[in-house]
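Protein chains in written order, with my numbering: chain A, 1254 to 1518; chain B, 19 to 281. Beta carbons: idealized from backbone N, C-alpha and C, even for Gly. The structure presented is a predicted model; accordingly, all values stated were derived computationally and were not measured.
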């Protein structure tokens, strides 16, 4: 038994198609403290999303397992809310309904109808979407969709917030804006966050620790880097910060030298 | 206002011109004395009584066109409603269970190719009465496209929506109401539209054979009495009603999509 809030214990994952078995993840162990922001970084196709899906309970691990507050995770649930890569809002619902469908499901019986409505609106305000709540997903921009996706996830009051490369498809300015919002939300709610990214700057800016994955097949955590930058962090001040530059250098070094070495081996 | 009038004219004027042209050609082709078919002018003259008084009822099968059409529409309503309920239910089953699909899909693919009228003798033998037999023919005609389209709709629900449902722990009825139905609705309504078109095709043919009151029988009866003009009038009504039924189902689909937005 570990005393960590969220812990991945020797997680391995193989996919079998026909008579060929591919090992995607090999013996991944990671501990996350309550309120900690951890980024998983690695090249595309290394199994980052699979790892996140295992934590979410959407994909079962082949070996090992995931513990949340010392209880094994074996199926999905709103205590591990996921913000998906492609927002995955329900197109037939409005922005508000996309959040309230989650709020109604999770808090039915615990909150009155009026409380649930207020809670929905409160969470839309957290991501600054209060003025668009009667719009359909098709009527808002990609960045706004992702904000609604975040609102839906945090409205479930999850123990762990799982972000699956949520800003990958956005332009640089929108992405920066959303990163700031995520930082603010993390500071306000003190939620535990596990985030997948392939953006080095994003990882260093947001994370307390960065877990760097080696290339697949049979990917594992090659190294874990502590980002010892004080919070709140301001994007502009960090550009010339020696710690920031050192962290950035370390991650880049890992991604472009060490993983290539693994690949060649 | 003027712009709306103009756009209305753009969609109404071309078909009216085509219609006028067709009637002119028809008139020219049938105005010679030896023609087998009546000219449009003759059709209007000979069916004038039917046009102005569709509601007369002299008992038996001597009724106005309204009563014939109503009888046909009632049969379609019952058969089609059954087909919609059963079709969506089986479609959901086939769409969500790989084993149901493996077991049922090949069977459906064969059954759906059977022409509607081929079911009629069997149906008459089973029900021993014309009315339920016709309703069954409507049902069996309309049900296949509804099943198949519903199943495709359910099967093509994106993985993302299913993951959202799983994170929220939607199961059973909740999943059906919140995710499955709205996600598959466009497919289901495509099936329903094809189904209503086929029902209307089948009812006319079925009624020709079973007799009694109904627009199909009216057409067959007119043929036996050599009232060709009556047949042409009936065809106009059949076409217009078929068109209205199709648009009605389409409208229903749009209204449901909008009602979804309002709640």
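Worksheet entry | Boundaries of the beta strand (DSSP E) in which residue 123 of chain B is found, first to last residue | Where residue 123 of chain B is concerned, there is no enclosing beta strand (DSSP E), although the alpha helix (DSSP H) it sits in stretches over 116-129.
Practice prompt. Out of A/1291, A/1260, A/1315, A/1306, state which residue places its alpha-carbon closest to the alpha-carbon of residue 1275 of chain A.
Written response: Comparing C-alpha distances from residue 1275 of chain A to each of A/1291, A/1260, A/1315, A/1306 shows the shortest one belongs to A/1315.
Practice prompt. Measure from the C-beta of residue 167 of chain B to each C-beta in chain A and report whether the shortest distance is under 8 Å.
Written response: Output row for residue 167 of chain B: interface = no.
Worksheet item: Whose Cβ in chain A lies nearer than 8 Å to the Cβ of residue 179 of chain B?
Response: Near residue 179 of chain B (Cβ distances below 8 Å), the residues of chain A are 1341, 1343.
Worksheet item: What residues in the region 55-79 of chain B bring their beta carbon closer than 8 Å to a beta carbon of chain A?
Response: So nothing in the stretch comes that close.
Worksheet item: Which stretch, first to last residue, makes up the beta strand (DSSP E) that contains residue 1279 of chain A?
Response: Residue 1279 of chain A -> beta strand (DSSP E) spans 1273-1285.
Worksheet entry | When A/1356, A/1291, A/1427, A/1454 are compared against residue 1410 of chain A, the one with the closest alpha-carbon | Answer by Cα proximity: A/1356.
Practice prompt. Using a Cβ-Cβ cut-off of less than 9 Å, list which residues of the region 1418-1443 of chain A approach chain B; keep chain order.
Written response: If the cut-off is 9 Å between Cβ atoms, the region 1418-1443 of chain A has nothing near chain B.
Fill in: Runs of alpha helix (DSSP H) lying entirely within the region 46-87 of chain B, each at least 4 residues, in chain order
Unbroken alpha helix (DSSP H) runs of no fewer than 4 residues, entirely contained in the region 46-87 of chain B, are found at 58-64, 66-70, following chain order.
Practice prompt. Identify whether residue 1257 of chain A lies in helix, strand or coil by the three-state DSSP scheme.
Written response: Residue 1257 of chain A: coil per DSSP, three-state reduction.
Worksheet item: Roughly how many angstroms lie between the CA atoms of residue 221 of chain B and residue 155 of chain B, to the nearest whole one?
Response: For residue 221 of chain B and residue 155 of chain B, the gap between their C-alpha atoms comes out near 8 Å.
Worksheet entry | Where residue 110 of chain B meets chain A, residues with beta-carbon distance less than 9 Å | The contacting residues do not exist; residue 110 of chain B stays about 17 Å from chain A at best.
Worksheet item: Does the distance from the C-beta atom of residue 1290 of chain A to that of residue 1490 of chain A stay below 8 Å?
Response: No, they are not a contact pair.
Worksheet item: Shorter than 8 Å from the beta carbon of residue 33 of chain B to some beta carbon of chain A?
Response: So, not an interface residue.
Fill in: Buried or exposed (CB count within 10 angstroms, at least 16 for buried), residue 1303 of chain A
Here residue 1303 of chain A is buried: its Cβ has 16 or more other Cβ atoms, across all protein chains shown, within 10 Å.
Worksheet entry | Where residue 131 of chain B falls, given that 16 or more other Cβ within 10 Å makes a residue buried | Exposure of residue 131 of chain B is indicated by the presence of fewer than 16 other C-beta atoms within 10 angstroms of its C-beta.
Worksheet item: Where does residue 111 of chain B fall in DSSP's three states?
Response: Helix, per DSSP.
Worksheet item: What number of angstroms, rounded off, separates the C-alpha of residue 191 of chain B from the C-alpha of residue 203 of chain B?
Response: Cα to Cα, residue 191 of chain B sits roughly 16 Å from residue 203 of chain B.
Worksheet item: DSSP beta-bridge partners for residue 1266 of chain A?
Response: According to DSSP, residue pairing for residue 1266 of chain A in a beta bridge involves A/1278.
Discussion item. Checking the sheet assignment: what are the DSSP bridge partners for residue 1334 of chain A?
Written reply: For residue 1334 of chain A, which the question treats as bridged, DSSP gives the partners A/1414.
Worksheet item: What runs of the beta strand (DSSP E), each 3 residues or longer, lie entirely inside the region 1425-1486 of chain A?
Response: Given a length threshold of 3 residues, each whole run of the beta strand (DSSP E) inside the region 1425-1486 of chain A is given here in chain order: 1445-1450, 1462-1466, 1474-1479.
Worksheet item: Just reading off the alpha helix (DSSP H) that residue 235 of chain B is part of, what are its end residues?
Response: First-last of the alpha helix (DSSP H) with residue 235 of chain B: 233-242.
Worksheet item: Cα-Cα, which of B/76, B/73, B/24, B/90 is closest to residue 219 of chain B?
Response: When C-alpha distances from residue 219 of chain B are compared across B/76, B/73, B/24, B/90, the shortest belongs to B/90.
Discussion item. I want to verify the contact list: residues of chain B whose CB lies under 8 Å from the CB of residue 1329 of chain A, in sequence order.
Written reply: Those within 8 Å of residue 1329 of chain A in chain B are 181, 184, 185, 187.
Practice prompt. Look at the alpha carbon of residue 146 of chain B and the alpha carbon of residue 230 of chain B, and state the distance between them as a whole number of angstroms.
Written response: Looking at the two C-alpha atoms, the distance is approximately 15 Å.
Worksheet item: Since residue 65 of chain B and residue 251 of chain B are thought to touch, with beta carbons under 8 Å apart, how far apart are those beta carbons, to the nearest angstrom?
Response: Indeed they touch by this definition, with Cβ atoms about 4 Å apart.
Practice prompt. Please check if any C-beta of chain B sits within less than 8 Å of the C-beta of residue 1337 of chain A.
Written response: Yes, residue 1337 of chain A counts as interfacial toward chain B.
Worksheet item: What are the boundary residues of the beta strand (DSSP E) that residue 1316 of chain A is part of?
Response: Taken as a continuous stretch (DSSP letters only), the beta strand (DSSP E) holding residue 1316 of chain A covers 1316-1321.
Worksheet item: What does a CB cutoff of less than 8 Å around residue 1517 of chain A pick up in its chain, not counting 5 residues either side in sequence?
Response: With a pLDDT of 45 at residue 1517 of chain A, under the threshold of 50, the predicted position of this residue should be treated as unreliable, and no value is reported.
Worksheet item: For residue 1291 of chain A, which of helix, strand or coil comes out of DSSP?
Response: Correct three-state label for residue 1291 of chain A: strand.
Worksheet entry | Boundaries of the alpha helix (DSSP H) in which residue 1407 of chain A is found, first to last residue | For residue 1407 of chain A, the enclosing alpha helix (DSSP H) covers residues 1395-1408.
Worksheet item: Are at least three pairs of beta-carbons, each pair with one atom in the region 1395-1404 of chain A and one in the region 1367-1382 of chain A, less than 8 Å apart?
Response: Judged by Cβ distances under 8 Å, the region 1395-1404 of chain A makes contact with the region 1367-1382 of chain A, as three or more pairs qualify.
Discussion item. Less than 8 Å between the beta carbons of residue 1330 of chain A and residue 187 of chain B, yes or no?
Written reply: Yes, these two residues count as a Cβ contact at 8 Å.
Practice prompt. Please work out which residues of its chain come closer than 6 Å, Cβ to Cβ, to residue 173 of chain B, disregarding the five sequence neighbours upstream and downstream, and give them in chain order.
Written response: Apart from sequence neighbours up to five positions away, the residues of its chain that approach residue 173 of chain B with a beta-carbon distance below 6 Å are 113, ordered along the chain.
Discussion item. Within 8 Å of any Cβ in chain B, is that where the Cβ of residue 1334 of chain A sits?
Written reply: For residue 1334 of chain A, at least one C-beta of chain B is nearer than 8 Å to its own C-beta.
Practice prompt. Go through its chain and collect everything with a Cβ distance to residue 138 of chain B's Cβ below 7 Å, but skip five positions before and after it.
Written response: 151, 155, 224, 227, listed in sequence order.
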